[in-house]
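Residues 3 to 173 in the working numbering are what the sequence shown lists, from first letter to last. The C-beta atom is built at its ideal place from N, Cα and C for all residues, glycine as well. Remember, predicted model here, so these are calculated numbers, not experimental data. As structure tokens, the structure follows; a few thoughts come after it.
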Amino acid sequence: MGSWIGPAIVAAVIVGIFTVAGWFVTASLALRAEQRRRREKARDFRIALRAEIMSELANLEAYDRISLDQPAAEASAGAQPVPFIPTGSRNRIFEAIVGEIYILPEPVIEPLVRYGRQRDILEGLGEDLRRLAAGEASQARIQSLFDDYLKLRKGLKSLAEDVVAILSRTD
Numbered sequence: 003m004g005s006w007i008g009p010a011i012v013a014a015v016i017v018g019i020f021t022v023a024g025w026f027v028t029a030s031l032a033l034r035a036e037q038r039r040r041r042e043k044a045r046d047f048r049i050a051l052r053a054e055i056m057s058e059l060a061n062l063e064a065y066d067r068i069s070l071d072q073p074a075a076e077a078s079a080g081a082q083p084v085p086f087i088p089t090g091s092r093n094r095i096f097e098a099i100v101g102e103i104y105i106l107p108e109p110v111i112e113p114l115v116r117y118g119r120q121r122d123i124l125e126g127l128g129e130d131l132r133r134l135a136a137g138e139a140s141q142a143r144i145q146s147l148f149d150d151y152l153k154l155r156k157g158l159k160s161l162a163e164d165v166v167a168i169l170s171r172t173d
């Protein structure tokens, strides 16, 4: 029985062992490279999102410095104020990566989604207010919705601050 185990068989077994070991090493190296690329991509996403949200936060803070009581003061003076609701800019970075949000660390995803949803709600309410102000809606209804808009805006500012803090900690 030992006669059939010749040098060719031994060489074939050794080659087979080295081939299998090479597959495992190659797979391991490819997995590590993929993990490194994923970490780099997640880091790049966090940096870009933080920059975009910080820009939005700066806009929210600038708007807060404008007198938000002006429509109420005009109404008490007998004027019929129509609140001005500027059209918001698109969150291009958020829109671009929303399909790959799963790459981000778990503690980042939930607050980021809440921020995005709040921003969408705020934009929708702003569109509704602009449409109502151009129509025949009562001033009381417009003022009530504007008050809601301002509350949502403050909530968005708070969410933006939270997301920026979380994105800064996870770098």
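In this structure, the CA atom of T28 is about 37 Å from the CA atom of A53. In this structure, P113 sits near I168, with a CB-CB distance shorter than 8 Å. At least 8 Å separates the beta-carbon of G90 from that of Q120. Taking 8 Å as the upper bound for CB-CB distance, R92 and L161 are not in contact here, some 18 Å apart. Residues of the same chain with a CB within less than 6 Å of the CB of V17, apart from the 5 flanking positions on each side, do not exist.
In this structure, the beta-carbon distance from I123 to L134 does not fall below 8 Å. Taking a contact as a CB-CB distance under 8 Å, the pair I105 and R40 counts as one, their CB atoms being some 6 Å apart. With 16 or more other Cβ atoms from the protein chains shown falling within 10 Å of its own Cβ, F148 counts as buried. Runs of the alpha helix (DSSP H) lying entirely within the region 138–167 and spanning at least 4 residues: none are present. In this structure, L31 sits away from K159, with a CB-CB distance that is not shorter than 8 Å.
Between R132 and I87, the gap from beta carbon to beta carbon is short of 8 Å. Judged by their CB atoms, I95 and L59 are not nearer to each other than the 8 Å cut-off. When only Cα atoms are considered, G8 and E36 end up about 42 Å apart. Annotation for S140: no residue places its beta carbon closer than 6 Å to its own, counting only its chain and skipping 5 residues before and after.
Across the set D130, I111, S146 and G137, the C-alpha of I111 shows the shortest separation from the C-alpha of V166.
Inclusion of F47 and I99 in the CB contact set at 8 Å is warranted, their separation being smaller than that value.
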